[in-house]
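Here the numbering used here is used: the first residue of the sequence shown is 1029, the next is one more, and so on. Beta carbons are placed, not taken as given, at the ideal position from N, Cα and C, and that holds for glycine. No experiment lies behind these values; they were computed from the predicted model shown.
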Amino acid sequence: MSNRYFNSDRNHETYYSQSHSENWEHGGPSVGGNFQANASGYFNQGQSFGRGRGRGRGSHPPGLSGKQIGLFYRDKSKKKAEKKDTQTYFSLNSSVERNVESFLDKLKTPYTQENNGNDDTTMKNNKLQEKYNCIQDSHFKRKYLDIVSGNIQYNLTKSMLLSSKLHQNEKLDEQLLDKQKQRQGLDGYIKMMKIREKLPSFKMKDKILDLINGNQVVVISGETGCGKTTQVAQFILDDEIERKRGSITKIICTQPRRISAISVADRVAAERAEELGDSVGYQIRLEKVMCRDYGSILFCTTGLLLQFMQGDPALRDYSHIILDEIHERNTESDFIITLLKQVIQKRSDLKIILMSATLNSERFSKYYNNCPNIHIPGFTYPVDDYYLEDVLELTRFRFPPAPKLPNNYKKHLKKFKEIKNKVSDYEGFIEPALRQMEHEKIYSQHVINELRNSNSEVLNLDLIQSLLEYICQTKKQGAILIFLPGIIDITNLNKNLLSSGYFNSNKFLIYSLHSRLPTNEQKMIFKTPMNGVRKIIIATTIAETSITIEDVVYVIDCGRTKLSRFDVNKNIETLEPEWISIANSKQRRGRAGRVQTGEYYRLYTKAREMTFDQYPTPEMLRTPLDQVILKAKILQLGQITCFLSCVMDPPEDRAIELSLDLLRSLNALDSNENLTPLGYHLAQLPLDPRTGKMILWASMFSCVEPVFSIAASLAFKDAFYCPLGKEDEANKAKLELGMGQYSDHIALAEALRQFERAYHYRNAGHFCSKFFLSQNTLKLLMDMKKQFAKYLYDMKFLDSDNPNDAISNRNSDNLAMIKAIVCAGLFPNVAIVKRTGKFPALKTTEDGNVKIHPSSINAKANQLPTPYVTYFLKQKSTAIYLHDTTCVDEAALIFSSSKCSIKRLGPRSQITLNDSISFLCKDSTADMVQKLREELDKLLEYKITHPGTISLDSHGGLVIRAIIELVSNANIQSPNY
Ligand code: ADP
Ligand code: MG
């Protein structure tokens, strides 16, 4: 699950205040007065006694009585003692120090070649230029500096001066027209035209074209399947060609998902009796079939259009932009809608067509100054409605018993609180409805009893199977479409059906339909099967509007969809199945009446439906804004609050502030909200910035395979599962994969490494059951790793697009390095170990005391070997729990934090990271740390300007080797353990 929790409330008192280290130097204070004298005596460089006194002991607050004063000082010294407990000393073995120094000595200064000023024209911000002066001029440097110093208005003006690929060319226009006429005589074309002509959109063709020709922005709405996606772009293109304007027409049509971009392009090419690559093409990340530069339609993902706009914000190479499926309100389409408002001011010839499936289309027209809105009335056959109560009556299905509260639960209220709350919430909700049902006497007692069970609201694959059997045995021919929340549920249902005697026969064709489906498998789904064979499609929400399967007659809807949500108050993100909205339900219902009267089976009650929202919440209001901000920065949209206040439904200020905080502490943005070089790279990755940072570092430090496994698991879902009653066994298995490294993340990496091997030897099933791992999840994670490698190869961070490539994995056996990279990605998610032993005590600067979750490898460790623990997910239940943990030492933290200050304290130095974590070390170690950090920063900056892998003997290679030496061999002494 892609959860996360980070708290950025930095106003809390930090435990590692300056006086903290003063205490340590002096063996710790016992009483205030004694400490005061020592502290001020030690810190007499520029500090007055009075100030020392004020900070050291301080006077008690006014108005306290004698006993209260005593208690005040007691608490205060307790607190001080606590601070002292956690102080550590970072010492390096002398041979390590020598090795690191020898690497540093070899460093020449290859990054400091003089910038000869050639790129001055592109720089508007002298300060930034100065900051990156040390880096040699390059194409990438100019691009980066351009981005951090530019602004959208200037870029639009500049982009308008660029030449466009669209030029009026009469000869070409004639040729395009001739070709079009010829094609219209082809059998394939005529056959398709017969189908096309029946679509509701076809009857509105002239009206649609008139409206588009007469207005710059038009909204088109219409029922799913009426022919918006496949037809509108073709209407425009054919009309332009007929009006001899083919040479100046290129249409982009965006799709929210990769799979729909491909399938629609395929379909449209077929309708035009053409191969892909002529007048129709598609482009999604890492895959494309380009169409010609003029007289054509390009289907692409919304994200890709955003990427095109980075190079050409005025979209000079296009004449029409169709934004499809905007009713989904995903972040990217909301973002582009806002951005295009600025673009059309400069490009009066650019046409914008917004296409939406549902009835809410007036909102879009309002947003674009009440632009015209045309509705295509759809035609669907009547659909019969069934609710869960009807399904239970028809199938006589019984739910498993709900979790029961023991009689003495009041004694253990804390333990059973969650169950009790759930049960009483459900009772409060369902009882009135059940009373009504009992009164109406429409449903049998069986139904009412089953609905009283709170398990009736838990997704139940057996119920779906019973209903399927009922339909197949009693109803006439017609395909069945099932909506499930996620890929894993789809795979499980598919497995259940295939292993059941009934569905495992040649009378059934079972397909899954989700965003990760390979294209060739997807095409099969549209085919109508032979007579006597029933098609069953198990799908995610993707089948709701993006993809229309004609022969569906029965729809089974579990009523849930997986939505990521971000709670700004708790600062926590979840990806959980949630109830759909009424708008979603209407769409799903509509899928049943395409070719004849249909049936819609809801697996939720009428009572539950009354609680549904009318429309889904826009994605921008329910997910963190980290990636949106990075995208806005790369498009140079200026101060983020200002841009986001212009979107259709602006996010809360607090959500913006939280994301800015995270990006700053990751060092993706600087204090002025400028993109750093690291931020520039992160903005190109389709990952949240923390996992993005991990994989970038992994490529630089050549330990790609294990870190990709960890990043994929954190970004998607970890593969471990824990069956009820087998917790101990499952934990033991995980511990084995943890290889004594005190790290859940290392266990994740090892699980994938061993799985890939087992998979290769066809032993995956046995391996997964032995270690309590989900094979489906592991397979998806394997795919994700390949994708990461492709991205980084494209960005020239890797030499190969194979995550197992030997050179990219030179340091993959160095577990300390892997842990350091995980820490770099997760920072500032670090907890401080206050006390180790059987029940370790931990704290974070924002929350105070926190605990390690029982499912973590480190929960039962007798001794945590390091003074810090990094984590991804922090969640509050009975206590604040860190769910996944890795023990890390100071050496790892040094390279993780964005800020590091060093203070000389006589014979020792104090290193403070991000104002919150500090420790002591020898002066020479501190010097070395400082130098290495500076070199690492320079290297990161250099990498942005010079993509390409780093050779071991180069300057960068030496820096990397020095860091690896230090991180792998640091020896931490924690005096208080
Ligand atoms: P809308 O965008 O309005 O929901 P589409 O343009 O996607 O509608 O689809 C119009 C019709 O074209 C659908 O009803 C369906 O019958 C047909 N269609 C679309 N894609 C395909 C395909 N890949 N194969 C077969 N028929 C398709
Ligand atoms: Mg569509």
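- When the five nearest sequence neighbours on each side are left out, the beta carbons in the same chain lying within less than 8 Å of the beta carbon of Gly-1985 are those of Ile-1978 and Ser-1979, in order along the chain.
- DSSP places Ile-1564 outside any alpha helix (DSSP H); the residue lies instead in the beta strand (DSSP E), whose first and last residues are 1562–1567.
- Bounds of the beta strand (DSSP E) holding Glu-1315 are 1315–1317.
- When secondary structure is reduced to three states using DSSP, Arg-1863 falls in the strand class.
- Between the C-alpha atoms of Asn-1532 and Ile-1499 there is a straight-line separation of about 16 Å.
- At least one heavy atom of ligand 2 is found less than 6 Å from the C-beta of Lys-1256.
- Ranking Asn-1121, Cys-1796, Gln-1096 and Ile-1276 by CA distance to the CA of Cys-1750 puts Cys-1796 first.
- For Met-1318, same chain residues with a beta-carbon under 8 Å away, outside a window of 5 residues either side, are Gly-1305, Gly-1309, Gln-1311 and Leu-1326 in chain order.
- One alpha carbon belongs to Asn-1832, the other to Leu-1854, and they sit about 24 Å apart.
- Leaving aside the five residues that flank Leu-1420 on each side, the residues in its chain whose CB is nearer than 6 Å to its CB run, in chain order, Val-1475 and Glu-1478.
- Separation of Asp-1266 and Ile-1290 (C-alpha to C-alpha, rounded to the nearest whole angstrom) is 21 Å.
- Taking 3 residues as the shortest admissible run, the region 1864–1943 contains the following complete beta strand (DSSP E) segments, listed from N- to C-terminal end: 1869–1872, 1876–1880, 1896–1899, 1902–1904, 1908–1910, 1913–1916, 1928–1933 and 1936–1941.
- The three-state reading of DSSP puts Glu-1251 in coil, since its state is none of H, G, I, E or B.
- Residue state for Tyr-1322 is assigned as coil, using DSSP reduced to three classes.
- Exclusion of Glu-1701 from the 6 Å shell around ligand 1 follows from its C-beta lying no nearer than that to any non-hydrogen atom of the ligand.
- Membership of Ala-1507 in the beta strand (DSSP E) is indicated by the continuous run 1507–1511.
- Under the three-state reduction of DSSP output, Arg-1630 falls in the strand class.
- Following the DSSP letters along the chain, one finds Leu-1541 inside the beta strand (DSSP E) bounded by residues 1536–1541.
- In this structure, DSSP gives Asp-1418 a helical state, which the three-state scheme calls helix.
- When DSSP assignments are scanned along the region 1334–1379, the uninterrupted stretches of alpha helix (DSSP H) that are 4 or more residues long and fall wholly within it turn out to be 1359–1374.
- Apart from sequence neighbours up to five positions away, the residues of its chain that approach Ile-1240 with a beta-carbon distance below 7 Å are Val-1246, Ile-1264, Lys-1379 and Ile-1381, ordered along the chain.
- Arg-1295 has its Cβ nearer than 6 Å to a heavy atom of ligand 1.
- For the 7 Å CB-CB criterion, Tyr-1395 and Met-1676 form a contact.
- At a Cβ-Cβ threshold of 7 Å, Ala-1834 and Trp-1725 do not count as neighbours.
- Cβ contact annotation for Tyr-1217 (same chain, cutoff 6 Å, sequence separation greater than five): Arg-1211 and Ala-1301, in chain order.
- For Ala-1954, same chain residues with a beta-carbon under 7 Å away, outside a window of 5 residues either side, are Ile-1930, Ser-1937 and Ile-1939 in chain order.
- As for any beta strand (DSSP E) of minimum length 3 sitting wholly inside the region 1216–1303, the runs are 1245–1250 and 1278–1283, ordered along the chain.
- For the pair Asp-1822 and Leu-1776, the CB atoms are not nearer than the 7 Å cut-off.
- Here Leu-1541 is not near Leu-1521, since their CB atoms are 7 Å or more apart.
- For Thr-1329, the secondary structure class from DSSP, reduced to helix, strand or coil, is strand.
- Inter-residue distance for Pro-1868 and Asn-1942 is about 24 Å (C-alpha atoms, whole angstroms).
- Leaving aside the five residues that flank Asp-1698 on each side, the residues in its chain whose CB is nearer than 6 Å to its CB run, in chain order, Thr-1704.
- Pairing Arg-1295 with Ile-1575, the inter-Cα distance amounts to about 11 Å.
- In this structure Asp-1917 is not in contact with Leu-1901, their Cβ atoms being roughly 22 Å apart against a cut-off of 8 Å.
- Of the candidates Ser-1673, Gly-1621, Tyr-1789 and Val-1486, Val-1486 places its Cα closest to the Cα of Cys-1586.
- Leaving aside the five residues that flank Glu-1360 on each side, the residues in its chain whose CB is nearer than 7 Å to its CB run, in chain order, Thr-1330, Gly-1331 and Leu-1334.
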